[in-house]
Amino acid sequence: MTSSDWKEKIITSLQDAGRRKFLNTAALAGLAGTGLSVGLSSCKKPEPGAAVSGAGKIGATHALGSSNVTYGEFEVPPGQLDQYYTFSSGGHSGEARVYGCPSGRLFKRIPIFNLDCESGWGITNESRAILGARADGSLKYTTGDTHHVHGSYTDGTYDGKYLWTNDKIHSRLARIRLDYMVCDKIIDIPNVQGFHGIFPDKRDPLDPKINHTTRVFCGQEFHVPQPNDGRDENDPKKYYCIFTCVDAESMKVRWQCKVDGNLDLVATSYDGTLAGSNQYNTENGVTYEEMMSAERDACVLFNIARIEAAIQSGRHYTIGDSKVPVVDGTKDANKDPKTALTCYVPVPKNPHGVNATPDGKYFVCSGKLSPTTTVIDLGLVHKWFDGALKDPRDTVVAEPEVGLGPLHTGFDGRGNAYTTLFLDSQIVKWNIDKAIAQFKGDKQVDPILDRIDVHYQPGHGFTSMGETREVDGKFFISGNKFTKDRFLPVGPRHPDQEQLIDISGDKMRLIADHSVDPEPHDSIIVKRDKIRTRQINDLNEHPLAVKDAKDCRVERKGKKVTVHLTSQAPAFGLREFTVRQGDEVTIILTNLDKVEDLTHGLAIPMYDINFVVNPQQTKSVTFKADRPGVNWVYCTNFCHALHLEMRSRMLVEQA
Ligand code: RUQ
Ligand code: CUA
Ligand code: CA
């Protein structure tokens, strides 16, 4: 075939059968001969053809045909509020996002690893201090890749205090304080590349009185030499991955644990004793072919109490310049279960996703290249650590065939699991107890309860309060990676989609399509009463706050000039101020307005300054006044009938 023939073929396949069929075929063709075909041949349900049927008539009929939903049933009418917050990662944007559920309305983008002029994130001295600067004053990084957001827990449910999210590119962990919904801390995780999975603990395994989150666990997806300083570059067998524990409050790295293979997603047990991570590269491969060569990979479980005891007793080392204590969690160093820090449970090849069931009993690991999910019994894992179970594989109590490309699983609190099927473009509902009975040998029982088409290729899927003891079984959101024909086209790149599904009944019902900016990855759905935001800032929080308009002034120390400034609708505290060419100018701006939502902005033409101050908030910027002339400092946030008149003049005198 000539290349134009190929082009023709691809276009026809897209037009005729829909992208879904194209992806399925292409994905399967790409995987043929690499072992997936083995997995497929053992998958009776669904028929590969069935997954594709109807692809030609996707769209309105498809969506409406799958349910009898009156859309208004779940609409949030004017003047009413959503029942839930959805906190979502923002992928390439490096931000997090806040949506309403079920409305799907976007309420807020929380800048984290990115720059954001709406809030001035990355522009003010305060946000730059959080983002981290290099010696020359430039920001250390301006990019981020957020995948997962998870909240802090008390008593097994969200306490509304913090969210944490990862930066996969630069291996940073960020915290968001939920009272203001702003990022308050970012740290670098040493010795790690490709920080992907993240999960807070839910209570302390050592102290029964500590029933809230005190640790955040972070997984490393890309293995590297340790230290990664040029040694062992050509010897991938000497590359390793690391599991990191960060203190939730101080955000200091507490310890690290070296593992064989890699770490992908992370889950934690409700009793605080265990954390787990699925591993798709137990082969230590450096190409995807190598990473798919073994029939089985693993889910590795970390015995938190034992790791911390090992650290206490000094059984640790450090890597390179890092001072963080590291323990050895590799297989060779942990052969005796009775002293082992880690337990490697074999699961079918290249798993993706690990999720804790809300009853606290199981971790569910998805197959990805196997049409199965694996249910690991955490009680049996403890039995293995006690030496009472020989083979780590004996901790597996179910492995139902769910469909093609299972990635992530949510729960309804009624014993059912909902797994996203990337290749099948479906959500499958299955019953955990039935899957266990089937695994024990009961041939009569079918754990699969329902399937619903989603549009298309879902990644994460999660339920309302589904990662807490207060799971309520009402909503499931399918995070779809492709949307094809669901929205008005906006160029070659389509929006992503969060599809809302009602899971309160026996049958799943598709309720709504919500377009989202690529690519939200993971989210959590949190009952609104868990979140208590502040109405205004605390004036005393900033040590340099200008607490009275009378305190506005210009202070000079040599070439350093500080402008103490206030805003109060519709005026800045100084109508003008004068500096000299060559001065290093710091403007400290306090918003003295006390009314909720009465935000002012400050922008200075040609100085790249653009930020806002919320009621009673203080922020500052520092810059070099390098050009003589008049600069209109103006308010960027429509605050008052005289908003346009809200200006001040910065006069820069010739040197
Ligand atoms: S991963 S689509 Cu970055 Cu959360 Cu599974
Ligand atoms: Cu202040 Cu507009
Ligand atoms: Ca593998």
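Sequential numbering of the sequence shown, starting at 66, is according to the numbering used here. Note that beta-carbon positions come from the ideal geometry of N, C-alpha and C, so glycine has one too. All of these numbers come straight from a predicted model, not from anything done at the bench.
Task: Cβ shell of residue 641 (< 8 angstroms), same chain only, five flanking positions each side left out - done: In the sequence shown, counting from the first residue as 1, residue 641 sits at position 576. 713, 714, 715 and 716.
- [ ] Could you spell out where the beta strand (DSSP E) holding residue 649 opens and where it closes?
- [x] Stepping through the sequence shown from its first residue, residue 649 is reached at position 584. Residue 649: member of the beta strand (DSSP E) spanning 649-656, first to last residue.
TODO: Report, in whole angstroms, the separation of the C-beta atoms of residue 384 and residue 291, which I expect to be a contact under 8 angstroms.
DONE: Reading the sequence shown from its first residue, position 319 is the one you call residue 384. Reading the sequence shown from its first residue, position 226 is the one you call residue 291. Yes, they are in contact, since the Cβ atoms of residue 384 and residue 291 sit about 5 angstroms apart, within 8 angstroms.
Open item on the list: When you measure from the CB of residue 587 to every non-hydrogen atom of ligand 4, does any distance come out below 7 angstroms?
Closed with: For the structure depicted, ligand 4 is absent and the ligand set comprises only ligand 1, ligand 2 and ligand 3.
Task: Where residue 562 sits in the DSSP three-state scheme - done: In the sequence shown, counting from the first residue as 1, residue 562 sits at position 497. In this structure, residue 562 counts as strand in the three-state DSSP scheme.
Open item on the list: Tell me the DSSP secondary structure of residue 765 in three-state form.
Closed with: With the chain represented from 66 up to 720, any question about residue 765 goes unanswered, as that position is not in the structure.
Open item on the list: If you reduce the DSSP assignment to three classes, tell me which class residue 211 lands in.
Closed with: The residue labelled residue 211 in the question sits at position 146 within the sequence shown. Here DSSP, grouped into helix, strand and coil, assigns residue 211 to strand.
Task: Three-state class that DSSP yields for residue 675 in the structure shown - done: Locating residue 675 in the sequence shown gives position 610, where the first residue counts as 1. Strand, per DSSP.
Open item on the list: Suppose only complete runs of 3+ residues qualify. What are the beta strand (DSSP E) ranges in the region 293-347, listed by chain order?
Closed with: If we require 3 residues or more, the beta strand (DSSP E) runs fully inside the region 293-347 come out as 304-312, 318-324, 331-333 and 339-344.
Task: Reduced DSSP category for residue 140 - H, G, I as helix; E, B as strand; rest coil - done: As a working mapping, residue 140 is identified with position 75 in the sequence shown. Coil.
Open item on the list: Taking 8 angstroms as the threshold (beta carbon to beta carbon), is residue 459 in contact with chain B?
Closed with: You won't find chain B in this structure, because it holds only one protein chain.
Open item on the list: Applying the 10 Å Cβ sphere with the 16-neighbour rule, what's the burial state of residue 271?
Closed with: Taking the first residue of the sequence shown as position 1, residue 271 is located at position 206. Residue 271 should be labelled exposed.
Task: Nearest-angstrom Cα separation, counted from residue 597 out to residue 211 - done: Taking the sequence shown and counting its residues from 1, the one referred to as residue 211 is at position 146. Taking the sequence shown and counting its residues from 1, the one referred to as residue 597 is at position 532. Their backbone Cα atoms lie some 24 angstroms apart in a straight line.
Task: Environment of residue 405 [buried if 16+ CB atoms lie within 10 Å] - done: Within the sequence shown, residue 405 is the residue found at index 340, counting from 1. Per the 10 Å Cβ criterion, buried.
Open item on the list: Using a 10 Å radius around the Cβ and a threshold of 16 neighbouring Cβ atoms, would you call residue 711 buried or exposed?
Closed with: Walking along the sequence shown from the start, residue 711 turns up at place 646. With 16 or more other CB atoms across the displayed protein chains lying within 10 angstroms of its CB, residue 711 is buried.
Open item on the list: So for residue 569, helix, strand or coil by DSSP?
Closed with: For the purposes of this step, residue 569 is taken as the residue at position 504 of the sequence shown. If DSSP states are grouped into helix, strand and coil, residue 569 belongs with coil.
- [ ] Entirely within the region 430-498 and at least 3 residues each: give me those beta strand (DSSP E) ranges in chain order.
- [x] As far as the region 430-498 is concerned, its whole beta strand (DSSP E) runs of at least 3 residues are 438-442, 461-463, 471-476, 481-486 and 491-496.
TODO: Report yes or no: do three or more beta-carbon pairs, one from the region 476-494 and one from the region 526-535, lie closer than 8 angstroms?
DONE: Short answer: they touch.
Open item on the list: Within the continuous beta strand (DSSP E) that includes residue 714, where are the two ends?
Closed with: Locating residue 714 in the sequence shown gives position 649, counting from the first residue. Segment 712-718, the beta strand (DSSP E) holding residue 714.
Open item on the list: So the candidates are 180, 185, 153 and 189; which of them puts its Cα closest to the Cα of residue 172?
Closed with: Within the sequence shown, residue 172 is the residue found at index 107, counting from 1. Of 180, 185, 153 and 189, the residue nearest in Cα terms is 153.
Task: Whole-Å CB distance - residue 396 paired with residue 415, under 8 angstroms assumed - done: Taking the first residue of the sequence shown as position 1, residue 396 is located at position 331. Taking the first residue of the sequence shown as position 1, residue 415 is located at position 350. Contact flag wrong, Cβ pair sits at about 19 angstroms.
TODO: Pull up the distance between the alpha-carbon of residue 614 and that of residue 183, whole angstroms please.
DONE: Here residue 614 corresponds to residue number 549 of the sequence shown, with the count starting at 1. Here residue 183 corresponds to residue number 118 of the sequence shown, with the count starting at 1. In this structure, the alpha-carbon of residue 614 lies about 25 angstroms from that of residue 183.
Task: Sub-8 angstroms separation of residue 438 and residue 430 beta-carbons - done: What you label residue 438 is simply residue 373 of the sequence shown in a count that begins at 1. What you label residue 430 is simply residue 365 of the sequence shown in a count that begins at 1. Yes, the pair counts as a contact, with Cβ atoms nearer than the cut-off.
TODO: Pull every residue with its beta-carbon under 6 angstroms away from any heavy atom of ligand 3, and keep them in chain order.
DONE: Result: 345, 346, 347, 348, 356, 357, 359, 362, 414 and 415.
- [ ] Can you tell me which of 609, 687, 636 and 695 puts its alpha carbon nearest to the alpha carbon of residue 643?
- [x] Here residue 643 is taken as the residue at index 578 of the sequence shown, counted from 1. Comparing Cα-Cα distances from residue 643 to each of 609, 687, 636 and 695, the minimum goes to 695.
- [ ] Give the secondary structure of residue 172 by DSSP, where H, G and I count as helix, E and B as strand, and everything else as coil.
- [x] Residue mapping note: residue 172 aligns to position 107 of the sequence shown, counting from 1. Strand at residue 172.
- [ ] Starting from residue 377, follow the alpha helix (DSSP H) in both directions and report where the run begins and ends.
- [x] Along the sequence shown, one-based indexing puts residue 377 at 312. DSSP places residue 377 in the uninterrupted alpha helix (DSSP H) bounded by 369-377.
- [ ] Sort out for me which residues DSSP pairs residue 663 with in a bridge.
- [x] Taking the first residue of the sequence shown as 1, we reach residue 663 at position 598. The partner list for residue 663 (beta bridge, DSSP) is empty, contrary to what the question assumes.
Open item on the list: Taking 7 angstroms as the cut-off, is the C-beta of residue 573 nearer than that to any heavy atom in ligand 2?
Closed with: To locate residue 573, count along the sequence shown from 1; it is residue 508. Every heavy atom of ligand 2 is 7 angstroms or more from the Cβ of residue 573, so no.
Open item on the list: I need the straight-line Cα distance from residue 374 to residue 554, nearest angstrom please.
Closed with: If you number the sequence shown from 1, residue 374 lands on position 309. If you number the sequence shown from 1, residue 554 lands on position 489. Taking the straight line from one Cα to the other gives about 56 angstroms.
TODO: Determine the DSSP secondary structure at residue 551, reduced to helix, strand or coil.
DONE: Within the sequence shown, the letter at position 486 stands for residue 551. Coil, per DSSP.
Open item on the list: Please identify the residue among 549, 457, 479 and 442 whose C-alpha is closest to the C-alpha of residue 463.
Closed with: As a first step, residue 463 must be located in the sequence shown, where it is residue number 398. Comparing Cα positions, the closest option is 442.
Open item on the list: So the candidates are 252, 662 and 440; which of them puts its Cα closest to the Cα of residue 680?
Closed with: On the sequence shown, position 615 is the one that residue 680 refers to. For residue 680, the nearest C-alpha among the options comes from 662.
Open item on the list: Per the DSSP calculation, residue 694 is bridged to which residue(s)?
Closed with: Residue 694 sits at position 629 when you count from the first residue of the sequence shown. 717, per the DSSP bridge assignment.
TODO: Give the C-beta separation of residue 501 and residue 440 to the nearest angstrom, bearing in mind that I take them to be a contact with Cβ-Cβ under 8 angstroms.
DONE: If you number the sequence shown from 1, residue 501 lands on position 436. If you number the sequence shown from 1, residue 440 lands on position 375. The Cβ separation is near 7 angstroms, so the contact holds.
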